[in-house]
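What follows is a single structure, written as structure tokens, with notes after it.
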Amino acid sequence: MPRWGRMGLAALVGGVGALGQAPYDQPLALLLVLSLGFLMFGCHTRAGEAALIGWSFGVGYFCATLVWILQPFQIDPDKHAWMAPFALFFMSTGLALFWGAAFWAARRVSHTGWPLILTWTTAELLRAYVLTGFPWASPAQALVNGAAGQALAWVGPHGLTLWLMSLAWAVSLRQCYGRRRLMRGGQVIVFVCAVVLLYLPPSAPDAPLTPHVVRLVQPNAAQHLKWQPDFAQVFFDRQLEFTAAPAEPGGAKPALTVWPETAIAWAYEDAGRALEMISGAAQGGPVALGLLRRTPAALFNSMAVLGAAGVPAQIYDKHHLVPFGEYIPLAPVANSLGLTGLAQVSAIGFGRGPGPQTLDFGALGRGLPLICYEAVFAHDVNAVPQRPDFIVQITNDAWFGRDIGPYQHLAQARMRAIEQGLPLMRAANTGVSAMIDPHGRILASLPMGAAGFIDAPLPRPQAPTLYSRTGDLPLVLLVLAGLGIALFRRRPVR
């Protein structure tokens, strides 16, 4: 095939890999697609040609998995809709550079295929860190539903990616120096075991529960209506009603009520009366909610924990902001062109909080707050100074539409719960709000596009996981050692 034909085929195959991610949840499709990626890599002996194939493969994959990125630009179409195709194009082609570099480096290192396991994993690791990181739709994310996903507690997302890449390479092997029949038998065994691990539900016992009940409130406020004054009052009243609703017969009074990200339309400094009403609806019980907090220097996307009479006892400021959403890189140049972030509601822009921290939730223990996008980063969760008893995520997934994006975001929240061995409570504006146990299983949830609330018991935390203790360092050392071996055994490409 001509070069353009090979690149087009690689993009098409890569796009099929999106079936592995939520809401399709077919990890076997992703495994087979990755295996085809190894086969395509093996057909190219020149590093430059291999890089083009890897890049094309990544363009197809990221285009299909990140198609939800078009949705935020439709909130204010007159102003932003023209940017949507450019955003998807540049995001997909930019992220695909990591995969192209992986294919290039693997071919430079060796004429065999196995180094691609290491370089592809390294590319995914770098994608989580470089330029503030964007590890959305990582291969490991497709494994969260099956027994294989429980390995996140041991090796984290990048270690699980290394395992998946190893499986894909083993399945892709075509010859074994005269032992073809033995190799085929081994491949069948590997493939069957992989299918079992990918689809078999986790076998861990039910997580023990605390006596505390948490109420998760979901107002279902459409993003294009959320900030309009008339509708803002409707959504606020709806959340008050859900907060004041009595518990089910025989059920315990909520020990904590959680509202989603930017749950009220007023900044903290102007919301005194509204905060009093929230506390009154909760009958003086603690309420965690998202709101905007304004200072002379910046505007902060924050979570406040209300005490008695609506007085915020603690405030957490989001520290990992969304590029091109909550801030614009190279802001002076962007401002001169009239470009602002999609969530920009102030000329001074959003400020960054000091970093991960825990908040005191009284009898429930200490909780790690995550605001929306912050749940995407495993290493940020690992960076908290002290181990929490649970994770509380507030989010406004209305930005992502109601199809692919919110379900992928939910899968990432489940990954963080498994990695840390901690329960995770999640209040989402339009869904999916859920209580998640330390094994990543959803115990109770509200569906997408529904208004309501759920009362769910809070699971107990597990002992600290291996990944929560070590982070990504062991994987980095393992990959470096493997690449060193590959370089030592390097032979000229024939």
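Going by this note's numbering, the first residue of the sequence shown is number 1, and it counts up by one from there.
Backbone N, C-alpha and C define an ideal beta-carbon position, used for all residues, glycine too.
Please read these numbers as outputs of a predicted model, since none were measured by experiment.
Which residues in the same chain have their Cβ closer than 8 Å to the Cβ of residue i, if we skip the five residues on either side of it in sequence?
{"i": "residue 169", "result": "35, 38, 113, 114, 116, 117"}
{"i": "residue 210", "result": "364, 457, 458, 459, 460"}
{"i": "residue 249", "result": "none"}
{"i": "residue 97", "result": "55, 58"}
{"i": "residue 439", "result": "150, 202, 204, 207, 417, 418"}
{"i": "residue 276", "result": "309, 310"}
{"i": "residue 83", "result": "73"}
{"i": "residue 247", "result": "213, 253, 254, 455"}
{"i": "residue 355", "result": "319, 383"}
{"i": "residue 200", "result": "146, 147"}
I'd like the list of long-range same chain contacts for residue i, defined as Cβ closer than 7 Å, with 5 residues on each side in sequence excluded.
{"i": "residue 479", "result": "118, 121, 122"}
{"i": "residue 26", "result": "19, 20"}
{"i": "residue 453", "result": "215, 216, 217, 218, 242, 245"}
{"i": "residue 15", "result": "60, 61, 63, 64"}
{"i": "residue 281", "result": "240, 243, 244"}
{"i": "residue 70", "result": "84, 88"}
{"i": "residue 362", "result": "286"}
How would you call residue i, buried or exposed, if buried means at least 16 neighbouring beta carbons within 10 angstroms?
{"i": "residue 258", "result": "buried"}
{"i": "residue 223", "result": "buried"}
{"i": "residue 416", "result": "buried"}
{"i": "residue 136", "result": "buried"}
{"i": "residue 477", "result": "exposed"}
{"i": "residue 385", "result": "exposed"}
{"i": "residue 226", "result": "buried"}
{"i": "residue 132", "result": "exposed"}
{"i": "residue 130", "result": "exposed"}
{"i": "residue 265", "result": "buried"}
{"i": "residue 399", "result": "buried"}
{"i": "residue 1", "result": "exposed"}
{"i": "residue 372", "result": "buried"}
{"i": "residue 13", "result": "buried"}
{"i": "residue 284", "result": "exposed"}
{"i": "residue 414", "result": "buried"}
{"i": "residue 230", "result": "exposed"}
From the DSSP secondary-structure annotation, give me the bridge partner or partners of residue i.
{"i": "residue 457", "result": "213"}
{"i": "residue 23", "result": "According to DSSP, residue 23 bridges with nothing at all."}
{"i": "residue 425", "result": "392, 435"}
{"i": "residue 444", "result": "435"}
{"i": "residue 299", "result": "294, 350"}
{"i": "residue 452", "result": "218"}
Consult DSSP for residue i and reduce its assignment to one of helix, strand or coil.
{"i": "residue 433", "result": "strand"}
{"i": "residue 141", "result": "helix"}
{"i": "residue 287", "result": "strand"}
{"i": "residue 256", "result": "strand"}
{"i": "residue 294", "result": "strand"}
{"i": "residue 267", "result": "coil"}
{"i": "residue 170", "result": "helix"}
{"i": "residue 37", "result": "helix"}
{"i": "residue 9", "result": "helix"}
{"i": "residue 187", "result": "helix"}
{"i": "residue 344", "result": "Residue confidence is low: residue 344 scores 49 on pLDDT, short of 50, so the model does not pin down where it sits. Its coordinate-derived value is still stated next. Residue 344: coil per DSSP, three-state reduction."}
{"i": "residue 134", "result": "coil"}
{"i": "residue 129", "result": "coil"}
{"i": "residue 180", "result": "helix"}
{"i": "residue 15", "result": "helix"}
{"i": "residue 2", "result": "coil"}
{"i": "residue 148", "result": "helix"}
{"i": "residue 462", "result": "coil"}
{"i": "residue 161", "result": "helix"}
{"i": "residue 29", "result": "helix"}
{"i": "residue 273", "result": "helix"}
Given residue i, which residues of its chain have a CB within under 6 Å of its CB, disregarding the five upstream and five downstream residues?
{"i": "residue 149", "result": "143"}
{"i": "residue 313", "result": "305, 307"}
{"i": "residue 241", "result": "none"}
{"i": "residue 164", "result": "139"}
{"i": "residue 495", "result": "Look at the range of the chain in this structure, 1 to 494, and you will see that residue 495 is not part of it."}
{"i": "residue 17", "result": "30, 33, 61"}
{"i": "residue 293", "result": "268, 300, 302"}
{"i": "residue 434", "result": "426, 442, 445"}
{"i": "residue 353", "result": "317, 318, 319"}
{"i": "residue 428", "result": "260, 395, 397"}
{"i": "residue 390", "result": "367, 422, 423"}
Could you check whether the Cβ of residue i sits closer than 7 Å to any heavy atom belonging to the ligand MN?
{"i": "residue 279", "result": "The ligand MN is not part of this structure, which contains no ligands at all."}
List in chain order: all unbroken beta strand (DSSP E) runs of 3+ residues lying wholly within the segment 301 to 334. 312 to 317
Let me know the alpha helix (DSSP H) ranges lying completely inside the segment 40 to 120, each 4 residues or longer, listed in chain order. Taking only runs of at least 4 residues, the alpha helix (DSSP H) segments lying wholly in the segment 40 to 120 are 47 to 65, 77 to 80, 84 to 109.
Which runs of the beta strand (DSSP E) at least 3 residues long sit entirely within the segment 351 to 404? Give them in chain order. 366 to 371, 390 to 395
In chain order, which continuous runs of the alpha helix (DSSP H) of length 4 or greater are located wholly inside the segment 193 to 254? 223 to 226, 229 to 244
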